[in-house]
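S.K.:
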Amino acid sequence: MPERLPSERLKEEALALGFQSVGVAAADRPPHLDAYRQWVGKGYGASMSYLTRHLPLKEHPGKLLEGAQSIVAVTLNYNQPVEHKPGSPRIARYALGRDYHKVLRNKLRKLASWIRNEYPGSVCRPCVDSAPIFERDFANLAGLGFFGKNTMLIDPKRGSWFFIGLLLTTVAFEPDHPFEGGCGSCTKCIDACPTGAIVYEDQRWQLDARRCISYLTIEHPGEIDAELASKVGEWTFGCDICQEVCPFNQPRENNPERGVPTEEPDFKQLRTWPSLVELSQIAIADWDELTRGSPVRRAGFDGIKRNAKINIANR
Ligand code: SF4
Ligand code: SF4
1 MPERLPSERL KEEALALGFQ SVGVAAADRP PHLDAYRQWV GKGYGASMSY LTRHLPLKEH
61 PGKLLEGAQS IVAVTLNYNQ PVEHKPGSPR IARYALGRDY HKVLRNKLRK LASWIRNEYP
121 GSVCRPCVDS APIFERDFAN LAGLGFFGKN TMLIDPKRGS WFFIGLLLTT VAFEPDHPFE
181 GGCGSCTKCI DACPTGAIVY EDQRWQLDAR RCISYLTIEH PGEIDAELAS KVGEWTFGCD
241 ICQEVCPFNQ PRENNPERGV PTEEPDFKQL RTWPSLVELS QIAIADWDEL TRGSPVRRAG
301 FDGIKRNAKI NIANR
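Residue numbering for the sequence shown follows our numbering, starting at 1 and increasing by one per position.
Below, the structure is given as structure tokens:
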């Protein structure tokens, strides 16, 4: 077992790069691996076959970076005030700005350079959403928040409007303590979810992606079942309802960090979206122009037109 090194300077460096919070977890087997296997086995991952395909890589961080000893977990606030105008597309807050993968990866690369300079011969690998790793598990182990019933990671000080980034490294830093906490008796997100996508099974709260508006409007290929489509409401890309109602996301006088807007210029709303009617008829060249560098591109040309038509029908 290598000697564990203090992480104070690493954390100072991460905060200086603009991350909101930072912690360290040991690069071990993720605690939710078996629960995840069960979840996928039940079909709750819907059509996202990559979730099963990547399972072997998720078993241990060492499969993504040989000799990984630590995982540095960071968060970056993407919150911003939103005002939805009737007849315009409703887009989840995280997707209003530029592609967050690039923003987080660039910052994590800078942190990786710092680690390599400080610890010559060390190797790092940034992971932002697209790598097969349990981000929330390691962020929880790194002390950054607890699992809410809506399955989001919640930091009681800051809420849940943040991205999680991970940096795998061969440097053995001293790990932090896992975050202990919970929702108590609150059920606001479960009560507010229009499709009943948050379910309690096997003694834990789980997300049935097949019913989740976020999945349906972004990942689901083809037509959306009529019963679910009627509940999609005006969401055109993603859904923020279970975060909007969460008490941990409400601003508090004695808690200056909760509910504050992001300071990251790339996450602020960058473009004016066409109306739902225009979006439902958009030409491919205009779609290409409109969504360049935007997370909304993930829904695809056919997907966004389908969603816009559903939104119009639901009005
Ligand atoms: S994102 Fe929307 S549909 Fe999905 S669980 Fe949350 S409230 Fe329900
Ligand atoms: S709304 Fe309530 S139950 Fe849901 S995640 Fe927030 S605190 Fe937990």
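Even glycine gets a Cβ: it sits at the ideal position worked out from N, Cα and C.
Measure the beta-carbon distance from F237 to I218 and round it to whole angstroms, keeping in mind my assumption that it falls under 8 Å.
M.R.: The Cβ separation is near 6 Å, so the contact holds.
S.K.: Would you mind reading off the limits of the beta strand (DSSP E) that contains G23?
M.R.: From DSSP, the beta strand (DSSP E) with G23 extends over 21 to 26.
S.K.: By DSSP's criteria, W235 is part of a beta bridge. Which residues make up the other side?
M.R.: The partner list for W235 (beta bridge, DSSP) reads R90.
S.K.: Could you have a look at C193 and say whether DSSP puts it in helix, strand or coil?
M.R.: Correct three-state label for C193: coil.
S.K.: Taking Cβ to Cβ, would you say N140 is nearer than 8 Å to P178?
M.R.: In this structure, P178 lies closer than 8 Å to N140 by Cβ.
S.K.: Between L96 and chain B, is the shortest Cβ-Cβ distance under 8 Å, so that the two count as touching?
M.R.: Of the chains in the structure shown, none is chain B; there is only one protein chain.
S.K.: With a threshold of 7 Å (Cβ to nearest heavy atom), would I154 be considered close to ligand 2?
M.R.: Yes; taking the cut-off as 7 Å, the Cβ of I154 has a heavy atom of ligand 2 nearer than that.
S.K.: For R211, name the three-state secondary structure that DSSP assigns.
M.R.: Reduced to three states, the DSSP call for R211 is helix.
S.K.: Cβ atoms of Y215 and A209: under 8 Å apart, would you say?
M.R.: Yes, they are a contact pair.
S.K.: Assign I71 to one of two classes, buried (16 or more other C-beta atoms within 10 Å of its C-beta) or exposed (fewer than that).
M.R.: By the neighbour-count rule (16 or more Cβ atoms within 10 Å), I71 is buried.
S.K.: What do you get for K58, buried or exposed, if any count of 16 or more other CB atoms within 10 angstroms of its CB means buried?
M.R.: By the neighbour-count rule (16 or more Cβ atoms within 10 Å), K58 is buried.
S.K.: Is the region 179 to 186 touching the region 111 to 123 in the sense that three or more CB pairs, one from each, lie closer than 8 Å?
M.R.: Judged by Cβ distances under 8 Å, the region 111 to 123 makes no contact with the region 179 to 186, as fewer than three pairs qualify.
S.K.: One question on the structure: do N314 and E234 come within less than 8 Å of each other, judged by their Cβ atoms?
M.R.: Yes; because the gap between Cβ atoms is below 8 Å, this pair is in contact.
S.K.: Would you say the beta carbon of N249 comes nearer than 7 Å to a heavy atom of ligand 1?
M.R.: No; taking the cut-off as 7 Å, the Cβ of N249 has no heavy atom of ligand 1 nearer than that.
S.K.: What is the rounded straight-line gap between the Cα of T291 and the Cα of Y100?
M.R.: C-alpha separation (whole angstroms): 14 Å.
S.K.: Please name the residue, chosen from S230, E263, G62, K231, that lies closest to L17 on a Cα-to-Cα basis.
M.R.: Looking at the Cα atoms, E263 is the closest of the given residues.
S.K.: Could you tell me how far apart the beta carbons of I213 and C239 are, in whole angstroms, since I believe they sit closer than 8 Å?
M.R.: Rounded, the Cβ-Cβ distance is 4 Å, consistent with contact.
S.K.: Please tell me whether P221 and S21 are closer than 8 Å, where the distance is taken between their beta carbons.
M.R.: It is not a contact, given that the beta carbons lie outside the stated cut-off.
S.K.: Which residue comes first and which comes last in the beta strand (DSSP E) that contains Y50?
M.R.: Run containing Y50: none in the beta strand (DSSP E); it sits in the alpha helix (DSSP H), 50 to 53.
S.K.: Let's test the definition: count the other Cβ atoms within 10 Å of the Cβ of Q203 and tell me whether it reaches 16, buried, or not, exposed.
M.R.: Per the 10 Å Cβ criterion, exposed.
S.K.: May I ask you to list the residues that DSSP assigns as paired with F173?
M.R.: Paired residue(s): L5.
S.K.: On the CB-based measure, 16 or more other CB atoms within 10 Å of its CB, does N311 come out buried or exposed?
M.R.: With 16 or more Cβ atoms within 10 Å of its Cβ, N311 is classed as buried.
S.K.: Based on Cα-Cα distance, which residue from F267, G148, D286 lies nearest to W273?
M.R.: Cα-wise, what sits closest to W273 is D286.
S.K.: Is it true that the CB of P30 sits closer than 8 Å to the CB of D137?
M.R.: Cβ distance < 8 Å, so D137 and P30 count as in contact.
S.K.: Quick check on DSSP: helix, strand or coil for F146?
M.R.: Here F146 sits in strand by DSSP.
S.K.: Is it true that the CB of L64 sits closer than 8 Å to the CB of G165?
M.R.: Their beta carbons are not under 8 Å apart, which means G165 does not touch L64 by this criterion.
S.K.: Report the residue from A283, A308, Q269 whose alpha carbon sits nearest the alpha carbon of G293.
M.R.: The shortest Cα separation from G293 among A283, A308, Q269 belongs to Q269.
S.K.: Return helix, strand or coil for S113, following the three-state DSSP convention.
M.R.: Three-state result, S113: helix.
S.K.: Whole alpha helix (DSSP H) runs in the region 239 to 278 with 4 or more residues, listed along the chain?
M.R.: Counting only runs of 4 or more, we get 241 to 244.
S.K.: On the DSSP bridge assignment, give the partners of T187 in chain order.
M.R.: DSSP lists no partner for T187.
S.K.: Less than 8 Å between the beta carbons of F173 and V24, yes or no?
M.R.: Closer than 8 Å, so yes.
S.K.: DSSP puts L10 in a beta bridge; with which residues?
M.R.: L10 pairs with nothing; no bridge assigned.
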